[in-house]
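Below is one structure, written out as structure tokens; comments come after it.
Numbering (my numbering), first residue to last: 121 to 334.
Structure, rendered in structure tokens:
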């Protein structure tokens, strides 16, 4: 009995209780191993990060039980889209990540689009048909990124896909990071300027030459 209890605790430490998928902890371990394998054997890997568009509406209208059913449906559809050698993980909430190992160039894009189509199929919850689309971010591993880099950049690409109108796929571009850093710096500069009373407002009158009025 003690052995069974220990096994249950071990499982809970590495797998999501609701979907049975690997959790963030196990995903991070597998990602690190995959990156090491990629460097050793010259294989390509990619991280696919997705978030469900409008998931909060399901929880708010039908309740969390329906939301949980949808997450389980999403988990199964994701597994159906990839190979057994790939990893599908639930990071929390309605965020999922797919780790694609030993993939040919262009495969990540094809898989991401396959996922987008599969998750966009109607799902019946409590007798009502719903369509929930995903926003997907993809980042390939080039050999010098860390696990934190890949997860952060895939998340960043996903939010770009969401900002672009949702139900889409976006590949990470290094400019995303530079723009994010610039935005953070601009916000910091503005806060500092406010504290120092360095902001001033200037009004520019507009003159209508045809009517000779301001």
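No residue lacks a Cβ here, since even glycine has one placed at the ideal position from N, Cα and C.
Beta-carbon contacts of residue i that lie in its chain and below 6 Å, excluding the five residues immediately before and after
{"i": "residue 234", "result": "201"}
{"i": "residue 249", "result": "242"}
{"i": "residue 290", "result": "257, 277, 280, 281"}
{"i": "residue 272", "result": "none"}
{"i": "residue 260", "result": "166"}
{"i": "residue 146", "result": "134"}
{"i": "residue 66", "result": "A question about residue 66 goes unanswered here, because the residues of the chain that appear run from 121 up to 334."}
{"i": "residue 319", "result": "313"}
Boundaries of the beta strand (DSSP E) in which residue i is found, first to last residue
{"i": "residue 209", "result": "207-212"}
{"i": "residue 218", "result": "215-221"}
7 Å Cβ shell around residue i - same chain, five flanking residues per side excluded
{"i": "residue 240", "result": "251, 253, 287"}
{"i": "residue 143", "result": "134, 135, 136, 209, 210"}
{"i": "residue 148", "result": "267"}
{"i": "residue 159", "result": "263"}
Residue i burial status per 10 Å Cβ neighbour count (16 or more: buried)
{"i": "residue 322", "result": "exposed"}
{"i": "residue 257", "result": "buried"}
{"i": "residue 278", "result": "buried"}
{"i": "residue 274", "result": "buried"}
{"i": "residue 236", "result": "buried"}
{"i": "residue 307", "result": "exposed"}
{"i": "residue 173", "result": "buried"}
{"i": "residue 155", "result": "buried"}
Limits of the unbroken alpha helix (DSSP H) element including residue i
{"i": "residue 186", "result": "184-201"}
{"i": "residue 152", "result": "144-161"}
{"i": "residue 239", "result": "227-239"}
Identified DSSP bridge partners for residue i
{"i": "residue 256", "result": "170, 289"}
{"i": "residue 266", "result": "Looking at the DSSP assignment, residue 266 forms no beta bridge with any residue, so it has no partner."}
{"i": "residue 244", "result": "249"}
{"i": "residue 261", "result": "Bridge partners of residue 261: none, in fact."}
{"i": "residue 135", "result": "142"}
{"i": "residue 319", "result": "Beta-bridge pairing links residue 319 to no other residue."}
{"i": "residue 165", "result": "221"}
{"i": "residue 179", "result": "None; residue 179 has no bridge partner."}
Below-8 Å beta-carbon distance, residue i vs any chain C residue
{"i": "residue 193", "result": "No chain C appears in the structure shown, which is made up of a single protein chain."}
Same chain, Cβ closer than 8 Å to residue i, neighbours up to 5 away in sequence not counted
{"i": "residue 192", "result": "138, 139"}
Three-pair Cβ contact test at 8 Å for the stretch 225-232 versus the stretch 178-188: These segments do not touch.
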